[in-house]
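Undergrad:
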Amino acid sequence: MDFFIKYLLSILIFFPLASVILLLFINKKNEGLLRNLATILSLIEFIFSVYLFIYFKPDTYKFQFVEKFNWITTFGASYFLGIDGVSLFLILLTTLLTFVSLISSYRYIKDHVKEFFILMLILETFMIGTFASLDVLLFYLFWEFMLIPMYFIIGMWGTGRRVYSAVKFVLYTLSGSLIMLFGLIYIFILHYDQTGYFTFNILRLYNTHIPLNLQILLFIALFLGFAIKIPVFPFHTWLPDAHTEAPTAGSVILAGVLLKFGVYGFFRFAMPLLPEATLILAPIIIIIGVIGVLYGALVSMVQKDLKRLVAFSSVSHMGFIMLGLFAMSAISVDGSILQLLNHGITTGALFLFVGMLYERAHTRQIADFGGIAKKAPILTTLFMISVLASIGLPGLNGFIGEFLILIGSFKHYMVLTIIATSGIIFAAVYLLWMFQRVMFQDITNPQMESFYDMNLREIITVLPLILLMFFIGFYPAPFLERIDPTVLHFLSIIGHHGYIHNLIKLKTGLSNA
Amino acid sequence: MLNISHIYNMNFLEKGMLSIMPEAVIIVFAFIVLFLTFFERLSKSNNPYYLSLISIGFSMLYILMLSGRTIDGFYGSIVFNEFSVFLFIGILFAGFLTILMSNNYINNFEVPLPEYYSLILFGVSSMMLLVSSNNLIMVFLSIEFMSITAYILTGYLKGNTRSTEAALKYFVLGTFASAFLIFGSVFIYAATGHLNLYNIHYFITSVANKGLINFGTIKIYLAIGLILFLVGLAFKMSLFPFHAWTPDAYDGAPTPITNFMATGIKIAAFAIFLRIYSLIYNFNIMDFNNILWLLAILSMTFGNIAAIMSSNIKRLLAYSSIAQAGYILIGIIGGGYYGYSGTLFYLFAYIFMTAGAFAIVVAFENFDLMSLDIKKYSGIGYKYPFVAAAMAFFLLSLAGIPVTSGFMGKFYVFSAAIKSRYDLLVLIALINSAFAAFYYIKIIVQMYMPDKEELIISSSNGVQRDRGSGGANLNKLNNDFGVVNGKINEGLMIAIFICLFFTLLMGIFPQIFINFAHNSINSLWSI
Numbered sequence: 003m004d005f006f007i008k009y010l011l012s013i014l015i016f017f018p019l020a021s022v023i024l025l026l027f028i029n030k031k032n033e034g035l036l037r038n039l040a041t042i043l044s045l046i047e048f049i050f051s052v053y054l055f056i057y058f059k060p061d062t063y064k065f066q067f068v069e070k071f072n073w074i075t076t077f078g079a080s081y082f083l084g085i086d087g088v089s090l091f092l093i094l095l096t097t098l099l100t101f102v103s104l105i106s107s108y109r110y111i112k113d114h115v116k117e118f119f120i121l122m123l124i125l126e127t128f129m130i131g132t133f134a135s136l137d138v139l140l141f142y143l144f145w146e147f148m149l150i151p152m153y154f155i156i157g158m159w160g161t162g163r164r165v166y167s168a169v170k171f172v173l174y175t176l177s178g179s180l181i182m183l184f185g186l187i188y189i190f191i192l193h194y195d196q197t198g199y200f201t202f203n204i205l206r207l208y209n210t211h212i213p214l215n216l217q218i219l220l221f222i223a224l225f226l227g228f229a230i231k232i233p234v235f236p237f238h239t240w241l242p243d244a245h246t247e248a249p250t251a252g253s254v255i256l257a258g259v260l261l262k263f264g265v266y267g268f269f270r271f272a273m274p275l276l277p278e279a280t281l282i283l284a285p286i287i288i289i290i291g292v293i294g295v296l297y298g299a300l301v302s303m304v305q306k307d308l309k310r311l312v313a314f315s316s317v318s319h320m321g322f323i324m325l326g327l328f329a330m331s332a333i334s335v336d337g338s339i340l341q342l343l344n345h346g347i348t349t350g351a352l353f354l355f356v357g358m359l360y361e362r363a364h365t366r367q368i369a370d371f372g373g374i375a376k377k378a379p380i381l382t383t384l385f386m387i388s389v390l391a392s393i394g395l396p397g398l399n400g401f402i403g404e405f406l407i408l409i410g411s412f413k414h415y416m417v418l419t420i421i422a423t424s425g426i427i428f429a430a431v432y433l434l435w436m437f438q439r440v441m442f443q444d445i446t447n448p449q450m451e452s453f454y455d456m457n458l459r460e461i462i463t464v465l466p467l468i469l470l471m472f473f474i475g476f477y478p479a480p481f482l483e484r485i486d487p488t489v490l491h492f493l494s495i496i497g498h499h500g501y502i503h504n505l506i507k508l509k510t511g512l513s514n515a
Numbered sequence: 057m058l059n060i061s062h063i064y065n066m067n068f069l070e071k072g073m074l075s076i077m078p079e080a081v082i083i084v085f086a087f088i089v090l091f092l093t094f095f096e097r098l099s100k101s102n103n104p105y106y107l108s109l110i111s112i113g114f115s116m117l118y119i120l121m122l123s124g125r126t127i128d129g130f131y132g133s134i135v136f137n138e139f140s141v142f143l144f145i146g147i148l149f150a151g152f153l154t155i156l157m158s159n160n161y162i163n164n165f166e167v168p169l170p171e172y173y174s175l176i177l178f179g180v181s182s183m184m185l186l187v188s189s190n191n192l193i194m195v196f197l198s199i200e201f202m203s204i205t206a207y208i209l210t211g212y213l214k215g216n217t218r219s220t221e222a223a224l225k226y227f228v229l230g231t232f233a234s235a236f237l238i239f240g241s242v243f244i245y246a247a248t249g250h251l252n253l254y255n256i257h258y259f260i261t262s263v264a265n266k267g268l269i270n271f272g273t274i275k276i277y278l279a280i281g282l283i284l285f286l287v288g289l290a291f292k293m294s295l296f297p298f299h300a301w302t303p304d305a306y307d308g309a310p311t312p313i314t315n316f317m318a319t320g321i322k323i324a325a326f327a328i329f330l331r332i333y334s335l336i337y338n339f340n341i342m343d344f345n346n347i348l349w350l351l352a353i354l355s356m357t358f359g360n361i362a363a364i365m366s367s368n369i370k371r372l373l374a375y376s377s378i379a380q381a382g383y384i385l386i387g388i389i390g391g392g393y394y395g396y397s398g399t400l401f402y403l404f405a406y407i408f409m410t411a412g413a414f415a416i417v418v419a420f421e422n423f424d425l426m427s428l429d430i431k432k433y434s435g436i437g438y439k440y441p442f443v444a445a446a447m448a449f450f451l452l453s454l455a456g457i458p459v460t461s462g463f464m465g466k467f468y469v470f471s472a473a474i475k476s477r478y479d480l481l482v483l484i485a486l487i488n489s490a491f492a493a494f495y496y497i498k499i500i501v502q503m504y505m506p507d508k509e510e511l512i513i514s515s516s517n518g519v520q521r522d523r524g525s526g527g528a529n530l531n532k533l534n535n536d537f538g539v540v541n542g543k544i545n546e547g548l549m550i551a552i553f554i555c556l557f558f559t560l561l562m563g564i565f566p567q568i569f570i571n572f573a574h575n576s577i578n579s580l581w582s583i
């Protein structure tokens, strides 16, 4: 058991890869076995990850479950893993959503079943690796390879213009990542020039002193990499295509986990590495974030395709998260991190429901639906809960996150926060309007007569997400108390460099929400 | 076991013979293979093929025995040291993989076999002579030797117009390059009075240090000589303005030979350029780094743009090799310990990813039903899962996606260049890599995500895809297809496995190779 806990992160990273090797030996015609085995293995993976939560010490910002081995000594790169409160929950989200999306694709994925499950598990390995690595080179390795399985998932099992979307997704994110790589190598070399030894240890690189004008250029380089991944407003154009054409499981992972990497990258790399640039550029990024909130919301309103609507709502939500993160008060950053989880849970659930609708009706056009509430009461209820959570109804998770973000940002960016708040109203408009058109009204489409309700598997699929929505909504303390120390430490790293000292004063204004 | 502890007491001939031992083994075997022609029965079978493989093995053995020593031979015109060891191994691998690929391919054509294999062996030995040569005349001779084997091999498919045309083009342009090379050597000799690279190095150092009055005239001669020499080598490295032969020669040559040119000749040319550049170029004669800077950017950009527009896989890989040459050059520009060892690392990685890609092109060419048009690759991801996955992996490696050797190589040379503050160059290179990803991904799209209609057509043969790797499966499949040569023979499979192994290993645990490259760079400088 000691061994298990000590190397838990490595086990979490490589268990899915080991599962892949197991799956390789199964005949591809035995689809039932493949599906069940992959799902069970991902469930085991999730259970392993719960151990992280159990053994995680909540009262420290220090990295836990640290593992460090030499990897490429010439570059000072090491196999250096560790998690803090933020990556803890993102890893849990990853394992949960992988499990959920694997169950959800029992019916959706009909051809190349084996390849699909293998790719999903490979993807999981690389996602967890990205969150867990504290070595920049290792991080980049995981970060960029992640694109490849996702690319195959969109391109091989997608609908419509899947190839176009997949290629667009890869090229967009790849170009961003490569520019980011430039920034990371530059910082690595600067650190070498100052200290005389190579290291990719992120904790050491934090101490690099970088002149201000260079910081701004490097920040722009890193910003491009992370902002495309999030995606922040002007770089979002790959997102609706990728989301719309991806299979349900792909959309869930894309929205639930992949979009989080951008924010995580800002949190772990861009902001602490380049604190002064962050403080200077924060207002601009917040403006971009708020534009994203409004733009996403407005574009969502006019969407005719369900998936596109949810995809654009992601743009809007990610704008909120950027607002909270760059407002850089303890409360707003807390809110942002929590909202990351919330967004993963709610948007994941929304995509699952859209997927279920699509499986039944073979259409995603809002106009084709109508009157489903009578046919499928369970689906309607659960879908309603997810929609309300996404809007931010008190008592559900979305509310906590958005509320914290807005409170935290209000003091410094009053006008922008007020403008951003209208995004919530718009969210209510487009989501509820969509819900009304899809679920209520009369049945106009004869196809909907044969609409059937959720079966047990589908309920199991969404149930963990629905429960989490309520849990976070009513009792966010277990989450916030683990995120808190990390966030405070993060702010102190930035505040330490003291460009705008008074930001740190907000540290005190934190309650347990 | 040969006792070589008294190596330093030998007379110059013994020492000389020892210093070219690995090459000599290959040459001896090349002659043996050539003599097989006289025996009709022997030459028809696979004997030349196996003999050639064995010769590479023997040569490798000699390298292992001699490695760690520095042996000057032939009055210093040949130097065997760690630098040569590193590149010998690379070149031998390139030759080994080429021979493995050739077996089935060349049997399709009505051409004499023993000559073909012996020419490859001669090519390998000439490349090895080139990377270990330390004398301008020796450099010229080995380059000529190498080029002539390459000309013949390019035009080896007698009666095939494309092949002959390619050989002719290659020959004309190659001769042109040789002229530049010899002209450059003449100028360098005129300026310095030495042909040995070390002597030239010492001479320029001493002249530059003493600041002699006549340095001015020497400088002009040297500058002209070095530029001409650079042009001659740039032809062989296929850098942008001197690349014109590359697409045609690569396209027309038999595919294993294309691989041989793309891997063997390229690394040999780069290696000798690295040696000469680090020895006699980095004096304050001219800013050669600026010239290389321009060449690198032009090669990358041109190679990538041309590759995006080409639809023939061999041409695409040819253009991509021009772009790759640009990336490799970045390591040399970056310079210093890290830049040079990065260049070597990248070269080593480059062999395996390119050879892997070509091995798979050969495999599909052997099926006959696949032409070289990328469109014909549509859906093969489902029919030949293992081979297609390997192909995707090599292409990703060429594109520089992590977990592959291509990423580590790029990372290595790019960080060396940033270390020397060539920021703009690296930025342009990175943008280029993003562009390049497009055409590599284009092939993967064809393999795995064909249009639905095309997939239906190509799978209408009623063949069920069978998971699980290995030649046996593929044999079965090919029988179902009813293709002429329908099997991926063991040689090709071994080649693909070797390439996969090294591409993955260098991507995940590059440390061993980095150490190896460091050692060889150390020996390069320990004059």
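As you go down the protein sequences, you meet chains Z and H in turn. 515 is the number that my numbering gives the last residue of the first sequence; the numbers go up by one with no jumps. 583 is the number that my numbering gives the last residue of the second sequence; the numbers go up by one with no jumps. All C-beta atoms in this analysis are idealised placements derived from N, C-alpha and C, irrespective of residue type, glycine included.
#1: Can you tell me whether H/L74 is buried or exposed? The criterion is at least 16 other CB atoms within 10 Å of its CB, across all chains shown.
#2: Buried or exposed: which applies to H/I353, given that a residue is buried once 16 or more other Cβ atoms fall within 10 Å of its Cβ?
#3: Quick one: Cα of Z/I426 to Cα of Z/K231, how far?
#4: Pick from Z/Y477, Z/R310 and Z/L465: whose alpha carbon is nearest that of Z/V102?
#5: With distances taken between CB atoms, is the gap from Z/A313 to Z/Q449 smaller than 8 Å?
#6: With the cut-off set at 8 Å, would you say H/F139 and H/L454 are in Cβ contact?
#7: In whole angstroms, what separates the C-alpha of H/M409 from that of Z/K8?
#8: Along chain Z, which residues have their Cβ under 7 Å away from the Cβ of H/V482?
#9: Output the distance between the C-alpha atoms of Z/F492 and H/L385, rounded to the nearest integer angstrom.
#10: At what residue ranges does the region 275 to 362 of chain H contain a whole run of the beta strand (DSSP E), taking only runs of 3 or more?
#11: So which of H/A448, H/I499, H/F442 and H/M503 has the shortest CA-CA distance to H/I436?
#12: What are the partner residues of Z/Q66, as DSSP defines its beta bridges?
#13: Across the region 459 to 473 of chain H and the region 556 to 571 of chain H, are there enough close Cβ pairs to call them in contact, namely three or more that are closer than 8 Å?
#14: Please classify H/N67: does DSSP put it in a helix, a strand, or coil?
#15: Let's see if you can read the secondary structure: which residues bound the beta strand (DSSP E) around H/I127?
#16: Quick one: Cα of H/N159 to Cα of H/N102, how far?
#17: Below 8 Å, can you find three or more Cβ-Cβ pairs linking the region 406 to 414 of chain Z to the region 342 to 358 of chain Z?
#18: Could you tell me which residues DSSP puts in a beta bridge with Z/A79?
#19: Taking three-plus beta-carbon pairs below 8 Å as touching, is the region 71 to 81 of chain Z in contact with the region 318 to 325 of chain Z?
#20: Does the separation of the CB atoms of H/Y306 and H/K214 fall below 8 Å?
#21: Tell me whether Z/F5 is buried or exposed, calling it buried when 16 or more other Cβ atoms sit within 10 Å of its Cβ.
#22: Strictly under 8 Å for the Cβ-Cβ distance: is H/I457 near chain Z by that measure?
#23: What does Z/L493 touch in chain H if you count any residue whose Cβ is under 8 Å from its own?
#24: Can you list the residues of chain C that Z/T75 reaches, using a CB-CB cut of under 8 Å?
#25: Considering just the uninterrupted stretch of the beta strand (DSSP E) at H/F136, what are its terminal residues?
#26: From which residue to which residue does the alpha helix (DSSP H) around Z/D4 run?
#27: In this structure, does DSSP put H/S101 in helix, strand or coil?
#28: Measuring only the C-alpha atoms, how far is Z/S21 from Z/G264?
#29: Of all the alpha helix (DSSP H) runs that stay within the bounds of the region 461 to 503 of chain Z, which reach a length of 4 or more residues?
#30: Run through chain Z and tell me which residues come within less than 7 Å of H/S489, C-beta to C-beta.
#31: According to DSSP, is H/S111 helix, strand or coil?
#32: To the nearest angstrom, report how far apart H/I162 and Z/Y199 are at their CA atoms.
#33: Which word fits Z/G298, buried or exposed, when buried means at least 16 other C-beta atoms lie within 10 angstroms of its C-beta?
#34: Relative to the alpha-carbon of Z/L308, which residue among Z/G372, Z/P285 and Z/F268 has its alpha-carbon at the smallest distance?
TA: The structure says:
#1: For the purposes of this step, residue 74 of chain H is identified with residue 18 of the second sequence, where counting begins at 1. Its Cβ being crowded by 16 or more others within 10 Å, H/L74 is buried.
#2: Within the second sequence, residue 353 of chain H is the residue found at index 297, counting from 1. By the neighbour-count rule (16 or more Cβ atoms within 10 Å), H/I353 is buried.
#3: Indexing the first sequence from 1 puts residue 426 of chain Z at position 424. Indexing the first sequence from 1 puts residue 231 of chain Z at position 229. So the alpha carbons of these two residues sit roughly 23 Å apart.
#4: Looking up residue 102 of chain Z in the first sequence gives position 100. That would be Z/L465, whose Cα lies nearest to the Cα of Z/V102.
#5: Counted from its first residue, the first sequence places residue 313 of chain Z at position 311. Counted from its first residue, the first sequence places residue 449 of chain Z at position 447. No, the Cβ-Cβ distance between Z/A313 and Z/Q449 is not below 8 Å.
#6: Residue mapping note: residue 139 of chain H aligns to position 83 of the second sequence, counting from 1. Residue mapping note: residue 454 of chain H aligns to position 398 of the second sequence, counting from 1. H/F139 is not a Cβ neighbour of H/L454, given a cutoff of 8 Å.
#7: Residue 409 of chain H sits at position 353 when you count from the first residue of the second sequence. Residue 8 of chain Z sits at position 6 when you count from the first residue of the first sequence. Rounded to the nearest angstrom, the two C-alpha atoms are 37 Å apart.
#8: Counting from one through the second sequence, the residue named residue 482 of chain H turns up at place 426. Residues of chain Z passing the Cβ test: F184.
#9: Position 490 of the first sequence, counting from 1, holds the residue named residue 492 of chain Z. Position 329 of the second sequence, counting from 1, holds the residue named residue 385 of chain H. A straight line joining the alpha-carbon of Z/F492 with that of H/L385 spans about 41 Å.
#10: Taking only runs of at least 3 residues, no beta strand (DSSP E) segment lies wholly in the region 275 to 362 of chain H.
#11: Along the second sequence, read from residue 1 onward, the residue named residue 436 of chain H stands at position 380. Among H/A448, H/I499, H/F442 and H/M503, the Cα nearest to that of H/I436 is on H/M503.
#12: Residue numbering aside, residue 66 of chain Z sits at position 64 when the first sequence is read from its first letter. When DSSP reads this structure, Z/Q66 sits in a beta bridge with Z/I85.
#13: Contact between the region 459 to 473 of chain H and the region 556 to 571 of chain H is present, because at least three Cβ pairs lie under 8 Å.
#14: If you number the second sequence from 1, residue 67 of chain H lands on position 11. Note: H/N67 maps to coil in three-state DSSP.
#15: Working through the second sequence from its first residue, we reach residue 127 of chain H at position 71. Looking at the DSSP string, the run of the beta strand (DSSP E) that includes H/I127 is I127 to G129.
#16: Counting from 1 along the second sequence, the entry for residue 159 of chain H is found at position 103. Counting from 1 along the second sequence, the entry for residue 102 of chain H is found at position 46. Distance between the alpha carbons of H/N159 and H/N102 is about 8 Å.
#17: Contact fails: fewer than three Cβ-Cβ distances are below 8 Å.
#18: Taking the first sequence and counting its residues from 1, the one referred to as residue 79 of chain Z is at position 77. Assignment of beta-bridge partners to Z/A79 by DSSP yields Z/I74.
#19: Cβ pair count under 8 Å is below three, so no.
#20: Looking up residue 306 of chain H in the second sequence gives position 250. Looking up residue 214 of chain H in the second sequence gives position 158. The answer is no: Cβ separation not under 8 Å.
#21: For the purposes of this step, residue 5 of chain Z is taken as residue 3 along the first sequence, with counting starting at 1. Around the C-beta of Z/F5, fewer than 16 other C-beta atoms lie within 10 Å, and the residue is accordingly described as exposed.
#22: For the purposes of this step, residue 457 of chain H is taken as residue 401 along the second sequence, with counting starting at 1. Yes, contact with chain Z.
#23: Here residue 493 of chain Z is taken as the residue at index 491 of the first sequence, counted from 1. Scanning chain H for C-beta atoms nearer than 8 Å to the C-beta of Z/L493 yields nothing, as the closest lies near 31 Å away.
#24: The chain inventory of the structure shown lacks chain C, comprising the protein chains Z and H.
#25: What you label residue 136 of chain H is simply residue 80 of the second sequence in a count that begins at 1. Taken as a continuous stretch (DSSP letters only), the beta strand (DSSP E) holding H/F136 covers I134 to F136.
#26: Taking the first residue of the first sequence as position 1, residue 4 of chain Z is located at position 2. Segment D4 to K8, the alpha helix (DSSP H) holding Z/D4.
#27: Position 45 of the second sequence, counted from the start, is the residue given in the question as residue 101 of chain H. Here DSSP, grouped into helix, strand and coil, assigns H/S101 to coil.
#28: In the first sequence, counting from the first residue as 1, residue 21 of chain Z sits at position 19. In the first sequence, counting from the first residue as 1, residue 264 of chain Z sits at position 262. Near 28 Å, if we compare the C-alpha coordinates of Z/G264 and Z/S21.
#29: Within the region 461 to 503 of chain Z, the complete alpha helix (DSSP H) runs of at least 4 residues are 479 to 498.
#30: Looking up residue 489 of chain H in the second sequence gives position 433. By Cβ distance, chain Z contributes L180.
#31: As a first step, residue 111 of chain H must be located in the second sequence, where it is residue number 55. DSSP places H/S111 in helix when its eight states are reduced to three.
#32: As a first step, residue 162 of chain H is located in the second sequence; it is residue number 106 there, counting from the start. As a first step, residue 199 of chain Z is located in the first sequence; it is residue number 197 there, counting from the start. Their backbone Cα atoms lie some 52 Å apart in a straight line.
#33: Counted from its first residue, the first sequence places residue 298 of chain Z at position 296. Looking at its Cβ environment, which holds 16 or more other Cβ atoms inside 10 Å, Z/G298 is buried.
#34: Taking the first sequence and counting its residues from 1, one reaches residue 308 of chain Z at position 306. Per the C-alpha coordinates, the member of Z/G372, Z/P285 and Z/F268 positioned closest to Z/L308 is Z/G372.
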